[in-house]
Amino acid sequence: MRRIYTLLTVLVLVALVFSGCGAKKSGTSKSEEIQMSYADQPVQSTSAARSVSNSMEMTKGSLESMDRKVIKNGEIQLEVKDLKHTANQIFTMIKEYGGYIQSSSTRNNERQIFSEIVVKVPSSRFEEFFGRLKQMDKLIYDSISTQDVTEEYIDNQARLKVLKAQEERLVALMDKAQKIEDLLKIENELSRIRNEIEQIQGRINFLDKATSFSTVNIGIKQPLVSHPAAGGIVDGIFYNLKDGWGAFFKLVVDTVQAIAWLSPFIILAAIIILIVKKNKKWGTFINFWKKDKK
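Per our numbering, the sequence shown starts with residue 1, numbered consecutively.
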């Protein structure tokens, strides 16, 4: 009997010891929980980085199944007989294809008028629009460049998803924070995460816009003076006379303008030369007078 009582006593004591330890653990304060949670952030960040890597590996398999994200750019130069008429045709085409003009400029000289138009057209109709441009008048130059950004787009989406999950977790920690020190740490980390989210979201928006609309740079040139290559001898003589006299008068005008621009410097140089010459004559007269006096 004594052995039984002793065994029961030992069991009761052991039970009391374990219950006391459990009470201490359950009595941990909320502030300590926040500190422990925040202390675990590097580990969570590591796991987040692993989840980003896993997400990227998973999404790479979907590259073939999804629509490609491709940035298309084109450049073309045309030589036309009537620049205004061709420009109006291009403006009509832009409306027809659902595009818009980003910028337009025109400049001219004695020999030609040149216009440059930067156009945005839907990427789905880029090839058709560019093909019609190549059929207009005389084609001088054309080029097309493409950039596949599908993988970058998917990677950014995966990173954005992980960062938003981290943002939600930090907001939940802020509600539990009781110490100012903990609150400041969480706010700093939250600010950094949100800044990354804005940057990545901005890049995604840019890629969406760049792949939705393609850019076409259109150069249109209209010569004002055409050489009579297929004309007769008389036409060639008159053309050369006109061109030669035009170049001569242009040279004369340019020379007169250059002299007019240099006139202040020429006048200043002339004054300096006169002063130097006068001083030399005056110095010679003084030396001669001194010798004669001796």
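Here a beta-carbon is modelled for each residue, glycine too, at the ideal position from N, C-alpha and C.
Within 7 Å, strictly: CB atoms of residue i and residue j
{"i": "residue 120", "j": "residue 100", "result": "yes"}
{"i": "residue 220", "j": "residue 86", "result": "yes"}
{"i": "residue 170", "j": "residue 180", "result": "no"}
{"i": "residue 105", "j": "residue 83", "result": "no"}
{"i": "residue 202", "j": "residue 130", "result": "no"}
{"i": "residue 214", "j": "residue 126", "result": "yes"}
{"i": "residue 76", "j": "residue 148", "result": "no"}
{"i": "residue 255", "j": "residue 69", "result": "no"}
{"i": "residue 173", "j": "residue 196", "result": "no"}
{"i": "residue 183", "j": "residue 177", "result": "yes"}
Reduced DSSP category for residue i - H, G, I as helix; E, B as strand; rest coil
{"i": "residue 131", "result": "helix"}
{"i": "residue 111", "result": "coil"}
{"i": "residue 171", "result": "helix"}
{"i": "residue 81", "result": "coil"}
{"i": "residue 102", "result": "strand"}
{"i": "residue 254", "result": "helix"}
Among the options, nearest to residue i - alpha-carbon criterion
{"i": "residue 200", "options": "143, 160, 116, 262", "result": "160"}
{"i": "residue 138", "options": "224, 213, 79", "result": "79"}
{"i": "residue 167", "options": "149, 189, 252, 151", "result": "189"}
{"i": "residue 97", "options": "69, 132, 110", "result": "132"}
{"i": "residue 223", "options": "81, 70, 247, 67", "result": "81"}
{"i": "residue 216", "options": "277, 102, 273", "result": "102"}
Residue(s) in a DSSP beta bridge with residue i
{"i": "residue 148", "result": "70"}
{"i": "residue 141", "result": "77"}
{"i": "residue 264", "result": "In the DSSP output, where bridge partners are listed per residue, residue 264 has none listed."}
Could you give the uninterrupted runs of the beta strand (DSSP E) lying entirely in the segment 180-246, keeping only those of 3 residues or more?
213-223
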